[in-house]
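Participant: Encoded as structure tokens, here's the structure I'll be asking about.
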Amino acid sequence: MIQPFMSRQFLAFLLTGGTAALVNFVTRIIYNMWVGFSTAVVLAYLTGMVTAYVLARIFVFKVSTQTLQRSILLFALVNLLAIVQTWAVSLLMAYSVLPTLGVSLFRLEIAHAVGIVIPVFTSFLGHKYWSFR
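What follows is the structure, encoded as structure tokens:
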């Protein structure tokens, strides 16, 4: 099961995913100027997801047997699970774990960053074997 993670494809996924994660992280801060943290996390995730799809299609999963429409649908389904992971971990970290640890400086940023990292491995497998199969 470790084999898929020891490849150039996974490295490319990390690089393109890292770019999308940065978009996610920065846009959450921007969205948070107008909406609450929970909503901002979801909106930022959607922004990052569009970025991730475009980059993954161009640089990571260049060859796919899926039609464009089907790969978009499957990509969205894989990311539905990932957004739930990101959202739940971000809120748990922001409102429970970090306050319990006495962390207040950059609490929301730390919580969101941890939330973004959690679904990296599950998303790669979902996209490799399902979205862009």
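1 is the number of the first residue of the sequence shown in the UniProt record's numbering; add one for each residue after it.
C-beta atoms are modelled at their ideal positions from N, C-alpha and C, and glycine is treated no differently.
Give the straight-line distance between the Cα atoms of Leu108 and Phe59, rounded to the nearest whole angstrom.
Facilitator: Their backbone Cα atoms lie some 31 Å apart in a straight line.
Participant: Identify, in the order they occur along the chain, each residue of the same chain with its Cβ nearer than 6 Å to the Cβ of Gln85, setting aside the five sequence neighbours on each side.
Facilitator: Ile118, Pro119, listed in sequence order.
Participant: When burial is assigned at 16 or more other CB atoms within 10 Å of the CB, is Gly36 buried or exposed?
Facilitator: Label assigned to Gly36: exposed.
Participant: So is Val78 buried or exposed if we call it buried at 16+ other beta carbons inside 10 Å?
Facilitator: Buried: at least 16 other Cβ atoms inside 10 Å.
Participant: Contact between the stretch 40–47 and the stretch 57–77: three or more CB pairs below 8 Å?
Facilitator: No: the two stretches stay apart, fewer than three of their Cβ pairs being nearer than 8 Å.
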